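Below is one structure, written out as structure tokens, with a few remarks after it.
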Amino acid sequence: MEEKRGAQRLPANAYKPLGPGESYQPYVPAGSVIPEITARSVSIGILMAIIFTAAAAYLGLKIGQVFEAAIPIAILAVGMAGIFARRSTISENVIIQSIGSASGVVVAGMIFTLPALFILNLEVRFYQTFLAALLGGFLGILFIVPLRRYFVKEQHGLLPFPEGTAIAEVLVTGEGGGEQAKVLIKAAAIGGLYDFCIATFGLWREVVSTRVVPALATVADKAKLVVKVNAGAAVMGLGYIIGFKYSSIIVAGSFVSWLVLIPAIWYFGRNLGIPIGTATIPIDQMTAEQIFTNYVRHIGIGGIAAAGVIGILKSSRIIVQAFSVGFKEMFAGKSAKVAEPERTDRDMKMSTVIVLLVLTLAAVFVFFGLGVVDTWGIAGLALVVVAVISFLFTTVAARAIAIVGVNPVSGMTLMTLILSSVILVKAGLSGAAGMLSALIIGGVVCTALATAGAFISDLKVGYWLGSTPRNQERYKFIGILVAAFCVTGVLLLLNKVYGFTGPKALAAPQANAMAAVINVLMTTASAPWFLYLAGIFMAITLELIKVPPLPFALGMYLPIELNTPLIVGGLIAHLVSTRSKNEDVNTRRRERGTLIASGFIAGGALMGVVSALIALPKWNEKLNTHIAERPIGEIISIVLFLGLCLYVYYESKKGASDRPSA
1133 MEEKRGAQRL PANAYKPLGP GESYQPYVPA GSVIPEITAR SVSIGILMAI IFTAAAAYLG
1193 LKIGQVFEAA IPIAILAVGM AGIFARRSTI SENVIIQSIG SASGVVVAGM IFTLPALFIL
1253 NLEVRFYQTF LAALLGGFLG ILFIVPLRRY FVKEQHGLLP FPEGTAIAEV LVTGEGGGEQ
1313 AKVLIKAAAI GGLYDFCIAT FGLWREVVST RVVPALATVA DKAKLVVKVN AGAAVMGLGY
1373 IIGFKYSSII VAGSFVSWLV LIPAIWYFGR NLGIPIGTAT IPIDQMTAEQ IFTNYVRHIG
1433 IGGIAAAGVI GILKSSRIIV QAFSVGFKEM FAGKSAKVAE PERTDRDMKM STVIVLLVLT
1493 LAAVFVFFGL GVVDTWGIAG LALVVVAVIS FLFTTVAARA IAIVGVNPVS GMTLMTLILS
1553 SVILVKAGLS GAAGMLSALI IGGVVCTALA TAGAFISDLK VGYWLGSTPR NQERYKFIGI
1613 LVAAFCVTGV LLLLNKVYGF TGPKALAAPQ ANAMAAVINV LMTTASAPWF LYLAGIFMAI
1673 TLELIKVPPL PFALGMYLPI ELNTPLIVGG LIAHLVSTRS KNEDVNTRRR ERGTLIASGF
1733 IAGGALMGVV SALIALPKWN EKLNTHIAER PIGEIISIVL FLGLCLYVYY ESKKGASDRP
1793 SA
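Under the working numbering, think of the first position of the sequence shown as 1133, with each following residue one higher.
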């Protein structure tokens, strides 16, 4: 029998650390029974996976713009909920979103690497790309399941999960309606229209830099000191949800990169007159952006890698316990009875996870041995690289999504390509065969990490809303299977119709960068090892002084314009939640602000898809006013961004009055 849920909003402690003896009761209580896995939820989820896989792959390769599918799918799930005789439940919508969002992660994993096979004129077969995506996605799921309780339950309130928060707010608001729905819809309309005017009409500039001031433009040119801000609504909304603590650490890493290391590298390298390391031009001819790309960003990649190892060590107890339970289940026999956890804390059996993991790794070994390389020894090396790097970086992907909402998958994939290329060259495999092997390895790992990062966000949404984790885990495999098949077909079709090389070729910027890297590595094995090492020692130092190394390294790795608006949003969140002496007032204001920020993110994500679709037939060129390219475009951007910040602050304060009631 169907039971009604007990609340129309998420509980008050949904985003707060739990006190001693306190527990979190989800939107749908553990004892409630409502439809979750139904023909409707599974079939709509599969349909979403097909549509968004094809759309995301096409747009990502055609115009170099990859959009996140999870939030648009959540919005569509809510919109479709009322068209049936029985309205879809919130748990059904969670399953739809979880299955459908496999599209975005598989596309991200594939288009970063595998188009490089075509760019390098290597022979590509359907089964190679399909199995690379499928096995990578399966590994991402299986490596994250043992960590679910740690990230979504034990770290409750300690990790912000910005994208997951936006999805949960969309689903809950769509379910409850009323005043909360009005706040979310209004914010989504404002944020979506704001970002749409930037992307499509070019009415003001998206990225504002200190170069707008003539004196600071001279400083940027002569001393390589420059600061940039992305003036988009969605990015600032992310900062609000992330909060002041983590956004400060992220921006601190960015400031070290742009205000310390870039000027220092230019100062000491400006008189050398020759290219240094893997760069192709001397330092004195580089802009601040080129110094960042060629040198500083690699320090961030080293820091991210070290943070992954540190994360594994810190969560090793959780991992060992999870796998110990699995082995006990496997060998204890049917007579051993273990108390079943409550529905909302019920994962796939760990014994099943271990068996599936072993089978998947065995399939990776056979795949490489029969379908990629010509010796089983090389296939074994490929298996070790895939297994070790996927396992180590799983925590990085999960924690990065949980903290900042961005998965640094390109940096981790670059590290994978470098390591696998060096190992394969040392093993005697180079040239075309080596490039093919390294890129397939990169594709498997990239898809695994993209899947792991996004899936932990799905599981957190399920935790907040009261879904059954076991159902999300099982049916995610279906989403990966569908997305892997679709993205492979789209990839081969686009190569046949447009190609990836030549004057009319598809952009595929990430894959072109990977192709250039792999080409150099397979001939010279040259890599900026000392920069990676510097990042590793930096991460260790940060850990010793109790500063979380991953957000700091993410700040060093990501472009500064994506980091600076985070601290703006985080500062607004801090001000909103601390202005009153009444803690209940602060909480209600912060919650209203979270709803507004979620609306900004949802609106930005949805209109980002529309902007990308408009860009396909080149309509954006006709609609673009080019005001953003003029100096006035930057001034307008600054004024409107400040207006947007004031709107969030004052609208959030309407969540509760600080005046005593009469």
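Built from N, CA and C at the ideal position, the CB exists for glycine as well. Being a predicted model, the structure only gives us computed values, none of them experimental.
Residue i - partner residues in DSSP beta bridges
i, result
"asparagine 1362", "Val1339"
Buried/exposed call for residue i, threshold 16 Cβ in 10 Å
i, result
"serine 1456", "exposed"
"threonine 1350", "exposed"
"valine 1780", "buried"
"alanine 1171", "exposed"
"aspartate 1479", "buried"
"aspartate 1353", "exposed"
"threonine 1579", "buried"
"valine 1336", "According to the sequence provided, residue 1336 is tryptophan. The question's valine does not apply to it. So tryptophan 1336 ends up on the buried side."
"isoleucine 1510", "buried"
"tyrosine 1372", "buried"
"tyrosine 1782", "exposed"
"threonine 1412", "exposed"
"serine 1220", "buried"
"serine 1155", "exposed"
"valine 1490", "exposed"
Spatial neighbours of residue i in its chain, beta-carbon cut-off 6 Å, leaving aside the 5 residues before and after
i, result
"leucine 1348", "Thr1342"
"tyrosine 1427", "Ile1397"
"aspartate 1416", "Arg1402"
"alanine 1514", "Phe1500, Ile1573"
"lysine 1356", "Ile1394, Pro1395, Trp1398, Ala1420"
"isoleucine 1330", "Glu1338"
Close-in-space but distant-in-sequence residues of the same chain around residue i (CB under 8 Å, 5 per side omitted)
i, result
"valine 1441", "Leu1524"
"leucine 1738", "Ile1203, Pro1204, Ile1207, Ala1320, Gly1324"
"methionine 1646", "Phe1244, Thr1245, Ala1248, Thr1545, Leu1546, Leu1549, Leu1571, Gly1574"
"histidine 1706", "Gly1375, Phe1376"
"phenylalanine 1328", "Met1739, Val1742, Ser1743"
Length of the line joining the Cα atoms of residue i and residue j
i, j, result
"glycine 1611", "serine 1230", "8 Å"
"phenylalanine 1275", "isoleucine 1431", "27 Å"
"serine 1380", "isoleucine 1728", "21 Å"
"serine 1599", "isoleucine 1770", "42 Å"
"leucine 1690", "methionine 1368", "15 Å"
"phenylalanine 1400", "glycine 1434", "22 Å"
"leucine 1404", "proline 1414", "7 Å"
"leucine 1663", "leucine 1179", "45 Å"
"glutamate 1605", "methionine 1482", "12 Å"
"leucine 1581", "lysine 1713", "43 Å"
"glycine 1177", "arginine 1449", "35 Å"
"glutamine 1287", "isoleucine 1746", "41 Å"
"glycine 1560", "phenylalanine 1732", "52 Å"
"glycine 1094", "proline 1681", "Outside the shown range of the chain (1133 to 1794) lies residue 1094, about which nothing can therefore be said."
"arginine 1280", "asparagine 1225", "20 Å"
"tyrosine 1595", "isoleucine 1588", "10 Å"
"glutamate 1295", "asparagine 1695", "16 Å"
"arginine 1218", "methionine 1212", "11 Å"
"aspartate 1506", "isoleucine 1299", "45 Å"
"valine 1557", "isoleucine 1273", "30 Å"
"glycine 1409", "valine 1344", "32 Å"
"aspartate 1590", "serine 1743", "26 Å"
"leucine 1488", "phenylalanine 1184", "27 Å"
"isoleucine 1317", "glycine 1334", "24 Å"
"glycine 1214", "leucine 1303", "13 Å"
"threonine 1165", "glutamate 1472", "Per the sequence presented here, residue 1165 reads as valine, with threonine not at that position. One C-alpha to the other measures close to 17 Å."
"leucine 1597", "glycine 1163", "13 Å"
Residue j beta carbon less than 8 Å from that of residue i
i, j, result
"glycine 1269", "threonine 1620", "no"
"proline 1374", "glycine 1702", "What sits at residue 1374 in the sequence shown is isoleucine, not proline. The answer is yes: Cβ separation under 8 Å."
"alanine 1188", "alanine 1201", "yes"
"tyrosine 1282", "isoleucine 1535", "no"
"cysteine 1777", "isoleucine 1699", "no"
"alanine 1264", "valine 1576", "yes"
"valine 1614", "alanine 1181", "yes"
"threonine 1726", "threonine 1297", "yes"
"lysine 1786", "arginine 1711", "no"
"alanine 1685", "alanine 1666", "no"
Sequence-distant residues of the same chain with beta carbon closer than 7 Å to residue i, five excluded per side
i, result
"phenylalanine 1262", "Ala1616, Phe1617, Thr1620"
"asparagine 1362", "Glu1338, Val1339, Glu1693, Leu1694, Pro1697"
Residue-level contact to chain C via CB, residue i, 8 Å cutoff
i, result
"valine 1700", "Absent from the structure: chain C. Only one protein chain is present."
Residue i beta carbon near the ligand ATP (any heavy atom closer than 7 Å)
i, result
"threonine 1305", "Summarising the ligand content, the structure contains no ligands, and the ligand ATP is consequently not present."
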